[in-house]
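Anchor point for the sequence shown: position 149 equals 159 in this note's numbering, and the numbering is continuous, going up by one each time. In this text, a Cβ means the ideal position worked out from N, Cα and C, and glycines have one as well. Reading through the structure tokens given below for one structure.
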Amino acid sequence: AKHAIRGFSDSVRSELIHNKNKVWITTVHLPAVNTPQFSWCKNNLERKPQPVAPVYKPEVAAEAIFWAAHHRRREVVLGGRSLLFIWGNNFFPGIADWYTAKTMYDAQQYDGLDSKNRPDNLWNSVEGNFGSIGNFSKGQRTKSFNLMLLKLPGYQYLGMFIASLLLSGVFKYLIKSIKYKGKS
Numbered sequence: 011a012k013h014a015i016r017g018f019s020d021s022v023r024s025e026l027i028h029n030k031n032k033v034w035i036t037t038v039h040l041p042a043v044n045t046p047q048f049s050w051c052k053n054n055l056e057r058k059p060q061p062v063a064p065v066y067k068p069e070v071a072a073e074a075i076f077w078a079a080h081h082r083r084r085e086v087v088l089g090g091r092s093l094l095f096i097w098g099n100n101f102f103p104g105i106a107d108w109y110t111a112k113t114m115y116d117a118q119q120y121d122g123l124d125s126k127n128r129p130d131n132l133w134n135s136v137e138g139n140f141g142s143i144g145n146f147s148k149g150q151r152t153k154s155f156n157l158m159l160l161k162l163p164g165y166q167y168l169g170m171f172i173a174s175l176l177l178s179g180v181f182k183y184l185i186k187s188i189k190y191k192g193k194s
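What follows is the structure, encoded as structure tokens:
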């Protein structure tokens with residue numbers, strides 16, 4: 011679903027740019043957030059569902075979404091693991107798939123068996139007010155280092171500077187390689 015949303019957002023963004031529209035779309039990539047969705051979601055796993063750590067307070071996600079709505083960015087990534095998975099999947103998709111298969115299946119479950127009679131919201135809404143905070147407050151993160159960096163003035167220039175340093179190193183290496191091959 012996340013890949014479909016990303017593809018859809020990219021497509022709409024391109025059309026908006028082409029039509030010189032002033033509307034801007036920002037995709038916010040969220041980590042595990044301590045919301046009550048795990049209390050009412052349909053679960054076909056054996057054990058009770060839980061968010062995969064690290065888990066962030068809903069207020070941190072809300073802050074990132076609010077910030078994204080007021081700043082023209084293509085994407086905002088909240089949480090180090092989210093950033094790691096996005097970059098890892100871009101450069102090493104097989105490794106990301108393998109790691110996810112080995113670790114995330116068990117990481118999204120806890121405690122004993124889940125009740126198969128528990129109400130869920132797959133086909134109908136669940137009665138009751140669940141609020142906005144889930145049952146996973148212990149150890150949840152109250153800040154995001156990514157978001158703090160993103161809010162710094164000139165943050166995007168720091169990224170461009172680091173990328174230019176890396177590219178200059180690659181170009182120097184390639185030039186040396188070509189010169190070396192020319193001497194033999």
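**OP:** Enumerate, from N- to C-terminal direction, the unbroken alpha helix (DSSP H) stretches of 4 or more residues contained entirely within the region 12-58.
**Re:** 12-28 and 47-50
Subject >> Assigned secondary structure, residue 130 (DSSP; H/G/I helix, E/B strand, else coil) >> reply: coil
Original post:
Over what stretch of residues does the alpha helix (DSSP H) that includes residue 73 continue unbroken?
Top reply: 68-80
Original post:
Could you give the distance in angstroms between the alpha-carbon of residue 36 and the alpha-carbon of residue 78?
Top reply: 7 Å
Original post:
Okay, do the region 94-109 and the region 169-182 touch, 3+ Cβ pairs below 8 Å being the bar?
Top reply: no
Original post:
Going by the CB atoms, is the gap between residue 111 and residue 62 shorter than 7 Å?
Top reply: Judged by beta-carbon spacing, residue 111 lies beyond the 7 Å limit of residue 62, meaning their Cβ atoms are not closer than that value.
**OP:** Would you check if there are 3 or more beta carbon pairs closer than 8 Å linking the region 147-159 to the region 75-93?
**Re:** yes
Original post:
Given residue 109, which residues of its chain have a CB within under 6 Å of its CB, disregarding the five upstream and five downstream residues?
Top reply: none
**OP:** Confirm, please, whether the CB-CB distance from residue 46 to residue 122 is below 7 Å.
**Re:** Not a contact, by the Cβ cut-off of 7 Å.
Original post:
Would you call residue 142 buried or exposed, if buried means 16 or more other Cβ atoms sit within 10 Å of its Cβ?
Top reply: exposed
**OP:** Kindly indicate which three-state DSSP category residue 149 falls into: helix, strand or coil?
**Re:** coil
Subject >> Opposing strand residues paired with residue 120 [DSSP bridges] >> reply: 58
**OP:** Taking residue 65 and residue 119 to be in contact with their CB atoms under 8 Å, please state how far apart those CB atoms are, rounded to whole angstroms.
**Re:** With 8 Å as the limit, residue 65 and residue 119 do not qualify as a contact, their Cβ atoms being about 14 Å apart.
Original post:
Whose C-alpha, out of 34, 125 and 31, is nearest the C-alpha of residue 53?
Top reply: 125
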